[in-house]
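A.B. asks: Counting in the numbering used here, the sequence shown runs from 735 upward without gaps. Virtual Cβ for every residue (Gly too), placed ideally from N, Cα, C.
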Amino acid sequence: MKVFLVVKIYSEEIVVRINEVNQKNQVKPVHIFDWFQHVKTTHSSKAGYPLTELISKNLTWVIARYRINIEKYPQWMDKIKISTWRVPERNNLVPREFIIENENNEIIIRATSSLKLIDLNAKKIISPSKQFPLYPTYDKRAVKDDFPPLNEPDKTDYKKHFGIRRQDLDINGHVNNTLYIQWALETIPDKIFENYSVYELEAAFLQEVFYNEKIVSIAQADKNMGFLHRVSEKTNDKTFALLSTKWKESKYF
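(1) Would DSSP call P862 helix, strand or coil?
(2) Using the Cα positions of R844 and K972, report the straight-line distance between them to the nearest angstrom.
(3) Please determine, among P784, K968, A975 and F770, the residue with the shortest C-alpha to C-alpha distance to P887.
(4) Spell out a yes or no on whether the segment 819-833 and the segment 899-910 are touching, meaning 3 or more CB-CB pairs, one atom from each, closer than 8 Å.
(5) Mind reading off the beta-carbon distance from Y744 to K780? Whole number of angstroms is fine, and I expect it under 8 Å.
(6) Note down, in chain order, each residue of its chain lying with its Cβ closer than 6 Å to the Cβ of K742, except the 5 sequence neighbours on either side.
(7) Looking only at its own chain, which residues have a Cβ that is under 6 Å from the Cβ of R801, when we skip the five neighbours before and after it?
(8) Helix, strand or coil for D924 per DSSP?
(9) Span of the alpha helix (DSSP H) holding V877?
(10) Looking at the structure shown, is N824 part of a helix, part of a strand, or coil, going by DSSP?
(11) Using alpha carbons as the reference points, say which of T794, N911, Q760 and V749 lies closest to K858.
(12) Which whole-angstrom value describes the C-beta separation of I842 and K806, a residue pair presumed to lie in contact below a C-beta threshold of 8 Å?
(13) What is the DSSP secondary structure of W917, counted as helix, strand or coil?
(14) Please report the distance separating the alpha-carbon of I797 from that of K925.
(15) Is the separation between the beta-carbon of E840 and that of K813 shorter than 9 Å?
(16) Tell me whether H895 is buried or exposed, calling it buried when 16 or more other Cβ atoms sit within 10 Å of its Cβ.
(17) Can you tell which of K874, T979, L977 and L849 has its C-alpha closest to the C-alpha of S863?
(18) Have a look at M811 and K980 and give me their C-alpha separation to the nearest angstrom.
(19) Counting along the chain, where does the beta strand (DSSP E) carrying I952 start and finish?
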């Protein structure tokens, strides 16, 4: 008989590793999203809904939106606690929340996301509450956001090109969404990246990316250290993701 952990808020404590920080001794944003992916998947497994079971039923979770607010970046060897919980679904979409706390129990990072449960056979969104009626939820938002549409860049100030490697593919056979974020951040000019850090990031994931596709990532700058990003396919200009980022001087972190 299997025994599952029914907990509304799931937490893990970790120590930041050397490979997870950049030259400013700040955690790379992509690793924050890796942590989120790990804790949400572990939470589901402990609640009795492991990813392997979903795959056997031809179901999968797809992240539609993310928003993250960073007050302070964890550094190498910092001990932090990452917590996550699922909010009751809204119109078949499931908000999932995240917070990261430091050793003093201060919240240094808040994030919210919106997920869709996809029936891979029917290729449509289905109700998570009908599939997982006993999944524990907690009706509190870490970041209040109704996820309005993100604006597209209307000009190209910066551009980078990328190819898809085999190691970029995840368990579902397509590119993990953390890479979309990495592609967007790579367009930031060196002078800004070296002296500034992103403190707010929003992302809308619109299409899957598969092996051998050619990626173009563009960014448009504004006058307030903000950027609009678009990740698309080089050949047919299909939009994979839209993002926005806001930056401030690294000394404030």
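C.D. replies: So, from the data block:
(1) If you number the sequence shown from 1, residue 862 lands on position 128. Reduced to three states, the DSSP call for P862 is helix.
(2) Translated into positions along the sequence shown, residue 844 becomes position 110. Translated into positions along the sequence shown, residue 972 becomes position 238. Between R844 and K972, the C-alpha separation is close to 31 Å.
(3) The count along the sequence shown starts at 1 and reaches residue 887 at position 153. Checking every option, the nearest Cα to that of P887 belongs to A975.
(4) no
(5) For the purposes of this step, residue 744 is taken as residue 10 along the sequence shown, with counting starting at 1. For the purposes of this step, residue 780 is taken as residue 46 along the sequence shown, with counting starting at 1. Indeed, because the Cβ distance is near 7 Å, the residues count as touching under 8 Å.
(6) As a first step, residue 742 must be located in the sequence shown, where it is residue number 8. Excluding residues within five positions, the ones whose Cβ falls inside 6 Å are W819, P870 and Y872.
(7) Here residue 801 refers to the residue found at position 67 of the sequence shown. These residues qualify, in order along the chain: T846, V877, D879 and E936.
(8) As a working note, residue 924 is residue 190 in the sequence shown. In this structure, D924 counts as helix in the three-state DSSP scheme.
(9) To locate residue 877, count along the sequence shown from 1; it is residue 143. Element bounds for V877: n/a, residue is neither H nor E.
(10) By 1-based counting over the sequence shown, the position of residue 824 is 90. The identity of residue 824 in the sequence shown is Arg, whereas the question assumes Asn. Strand.
(11) Position 124 of the sequence shown, counting from 1, holds the residue named residue 858. Per the Cα distances, T794.
(12) Reading the sequence shown from its first residue, position 108 is the one you call residue 842. Reading the sequence shown from its first residue, position 72 is the one you call residue 806. Confirmed, about 4 Å.
(13) Walking along the sequence shown from the start, residue 917 turns up at place 183. Helix at W917.
(14) Start at 1 with the first residue of the sequence shown, and residue 797 comes out as number 63. Start at 1 with the first residue of the sequence shown, and residue 925 comes out as number 191. Their backbone Cα atoms lie some 32 Å apart in a straight line.
(15) To locate residue 840, count along the sequence shown from 1; it is residue 106. To locate residue 813, count along the sequence shown from 1; it is residue 79. No, they are not a contact pair.
(16) Looking up residue 895 in the sequence shown gives position 161. Only exposed fits H895, as fewer than 16 other CB atoms lie within 10 angstroms of its CB.
(17) Here residue 863 refers to the residue found at position 129 of the sequence shown. Measuring from the Cα of S863, the nearest candidate turns out to be L849.
(18) Locating residue 811 in the sequence shown gives position 77, where the first residue counts as 1. Locating residue 980 in the sequence shown gives position 246, where the first residue counts as 1. In a straight line, the C-alpha of M811 is about 26 Å away from that of K980.
(19) In the sequence shown, the residue the question calls residue 952 occupies position 218. Per DSSP, I952 belongs to the beta strand (DSSP E) from K948 to A955.
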